[in-house]
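Asks: With this note's numbering, you'll find the sequence shown wraps up at 375, consecutive numbering, no jumps. Each residue gets a CB set at the ideal place from its N, CA and C atoms; glycine is no exception. So that we are looking at the same thing, I have put the structure below in structure tokens.
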Amino acid sequence: MRTAGKQRYGVNLSATWLFHYTDTLTPLSPSVDRLNTLSNPADLKLRGTAEWSRGALSAFVAGNFVDGYKDDASVPAREIGAFVTADLNIGYAPTSGPLSGFRFSINVENVFDADPPFVDRSNGFGFDAANASPFGRVAAIEIRRSW
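In structure tokens, the structure reads:
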């Protein structure tokens with residue numbers, strides 16, 4: 229994090245870019261490319277974050293991206309769209325007084341309540357657990373004590 233006066237701020241970008249992901253049924257069977265297919269890793273996942281703090285207050289926002297891929301279990305195979313979500317955290321951690329050592333925060337994952345891309349599965353779930361979460365917006369209040 230960088231400091232500007234009494235404020236601190238920072239940005240970060242994390243990326244996972246897979247070039248190959250193969251699978252074999254047995255040690256002697258040929259390898260099959262599974263990258264960007266149903267229930268297997270997407271080739272590109274990104275997470276960008278921005279942080280800010282000033283004194284006891286802090287804020288954190290993140291954007292998440294999972295690239296689209298192919299539903300090769302459907303006939304004919306169809307494309308599954310990308311999955312984009314945003315997360316937010318606001319915190320307060322006083323450094324003096326009776327609340328010193330406590331941290332209070334509100335955390336919201338999937339702020340805009342994005343639905344995962346629909347996958348027509350025979351199990352009835354309708355999403356790909358390897359690349360998306362079925363939970364919509366999830367909010368939590370956290371109280372932490374340090375000593």
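With 16 other CB atoms within 10 Å as the buried threshold, where does P304 fall?
Replies: One-based indexing of the sequence shown puts residue 304 at position 76. When all chains shown are included, P304 counts as exposed.
Asks: To the nearest angstrom, how far is the alpha carbon of E370 from that of T265?
Replies: Taking the sequence shown and counting its residues from 1, the one referred to as residue 370 is at position 142. Taking the sequence shown and counting its residues from 1, the one referred to as residue 265 is at position 37. Each residue's Cα considered, the two are about 37 Å apart.
Asks: Where do the ends of the beta strand (DSSP E) carrying S350 lie?
Replies: Position 122 of the sequence shown, counting from 1, holds the residue named residue 350. Careful: S350 lies outside any beta strand (DSSP E) and carries neither H nor E.
Asks: Indicate the three-state DSSP secondary structure (helix, strand or coil) for S286 in the structure shown.
Replies: Within the sequence shown, the letter at position 58 stands for residue 286. Strand.
Asks: Is R262 helix, strand or coil when you go by DSSP?
Replies: In the sequence shown, counting from the first residue as 1, residue 262 sits at position 34. Note: R262 maps to coil in three-state DSSP.
Asks: If distances are taken between C-alpha atoms only, which option among F293, E307, E337 and G283 comes closest to Y237?
Replies: Taking the first residue of the sequence shown as position 1, residue 237 is located at position 9. The residue with the shortest Cα to Cα distance from Y237 is G283.
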